[in-house]
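Working notes, structure below.
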Amino acid sequence: MLENSPKPIRIAIVGDVHDQWEEADAIALQHLGVDLVLFVGDFGNEAVELVGRLAALDLPKAAIFGNHDAWYTASDWGRSKRPYDPKVEDRVQQQIDLLGASSVGYGKLDFPQFNLSVVGSRPFSWGGTEWKYSDFYQDRYGIASFEASTQRIVEMGMNATCEHLIIIGHNGPTGLGEDPESICGKDWGEPIGGDYGDPDLAAAIARLQEQGKSIPLVTFGHMHHKLRHTKERLRQPIVVRPDTVYLNAARCPRILSTIERTVRNFSLVTMVDGRVTQAGLVWMTEDFQVGLEEVYWTNAADDRHASAPTSNVR
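Residues in the sequence shown are numbered consecutively from 0, following numbering that gives the first Met the number 0.
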């Protein structure tokens, strides 16, 4: 590398955790040598203790909460199953407090050392084009519609101090495909298919780009790679558009154990000078080596063309 060449930034995106976070995950991130860690939510069903362990991770990080992180609070059904007294404790707020500034839902966090600001979409998203849980969003954030949600995200993006924005959501935006296998496609119900992205996020991205904001990466989870209607393939994990890469990190379960071994996955993105140069996923072995690498896309030569996905077993 030339002496004056921009330094690559390595970013780990941790997909839907669903109670699968161990001490070994923090060690694996150190072995991967990442500069920044992004969590896209669904840590557990209001899993306060686990969120506390994430908060203790000694790496630059940002996080957004998913629908499971308000499982017993946002919906009537969830409140009917709540295993604790809400008059005594508020587990949603406990999680937010534990993550502190790292919680970027309807917020932002600047990383001047990387010339990147992480902007959070709507936290606790369940996905889809129906505005759900209005009382929850009104009480917690003063937000009562998709339009108000879009405006809040745009405000945070405009207030960011760094040149380039990474937007994280629990769910991705609309506009990335309507097939069941699409990155945010609905793979259940009748009729199957349809775009299950978040319209407020899509509108916010468009408005920020209209204002000249650089958004090289939008990353999220929620729509698991393992499809419900077929076992023949996985969900499309990436969409590449001019100037922006959209990455779904929800490879679940993210930890797999057999008698022989345990492996854990992390999505990885490399950025150079505000552009994504590679995106993929790695499975780390128990001795913290990369056992399998899936390269979704590479743009190392900056030719603006996606490569064919590859897998490398090591």
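Quick reminder that beta carbons are idealized off the backbone N, C-alpha and C, glycines included.
- Listed in chain order, the non-local C-beta contacts of Trp130 below 7 Å within the same chain comprise Ser144 and Phe145, local neighbours out to five positions each way being set aside.
- About 6 Å separates the beta carbons of Leu246 and Ser266, which is inside the 8 Å limit, making them a contact pair.
- A Cβ-Cβ separation of about 5 Å places Ala54 in contact with Leu97 under the 8 Å criterion.
- Across the structure, Met222 and Ser102 are spaced so that their CA atoms are roughly 21 Å apart.
- Its chain contains Glu285 as the residues whose beta carbon lies nearer than 6 Å to that of Thr261, once the 5 sequence neighbours on both sides are disregarded; these appear in chain order.
- By the Cβ neighbour-count rule, Glu162 is exposed, with fewer than 16 other Cβ atoms within 10 Å of its own.
- Look at the region 65-93 and you find no whole run of beta strand (DSSP E) that is 3 residues long or longer.
- In terms of CA proximity to Val271, Thr297 leads the group Thr257, Trp282, Ser256 and Thr297.
- Counting every other CB atom within 10 Å of its CB across the protein chains shown gives Thr257 a total below 16, marking it as exposed.
- Counting every other CB atom within 10 Å of its CB across the protein chains shown gives Tyr295 a total of 16 or more, marking it as buried.
- In the three-state DSSP reduction, Ala249 falls in the coil class, being neither helix nor strand.
- Between His67 and Cys251, the gap from beta carbon to beta carbon reaches 9 Å or more.
- If you draw a 10 Å sphere on the C-beta of Gly156, you find 16 or more other C-beta atoms in it, and that means buried.
- DSSP, read as helix, strand or coil, puts Gly51 in helix.
- Following the DSSP letters along the chain, one finds Asn170 in no beta strand (DSSP E), marked with neither H nor E.
- By a beta-carbon distance limit of 8 Å, Asp197 does not contact Pro179. Their separation comes to about 18 Å.
- Taken in chain order, the whole alpha helix (DSSP H) runs of length 4 or more contained in the region 140-205 are 145-158.
- Of all C-beta pairs linking the region 268-283 to the region 3-22, three or more are shorter than 8 Å, placing the two stretches in contact.
- Nearest in C-alpha terms to Phe110, of all of Arg78, Asp75, Asn44 and Val36, is Val36.
- Asp199 places its beta carbon 9 Å or farther from that of Ile254.
- Minimum Cα-Cα distance from Phe113 among the listed residues Ala249, Pro5, Gly279 and Tyr140 corresponds to Pro5.
- As far as DSSP is concerned, Arg121 takes part in no beta bridge.
- Taking 9 Å as the cut-off, the beta carbon of His228 is found no closer than this to the beta carbon of Ile182.
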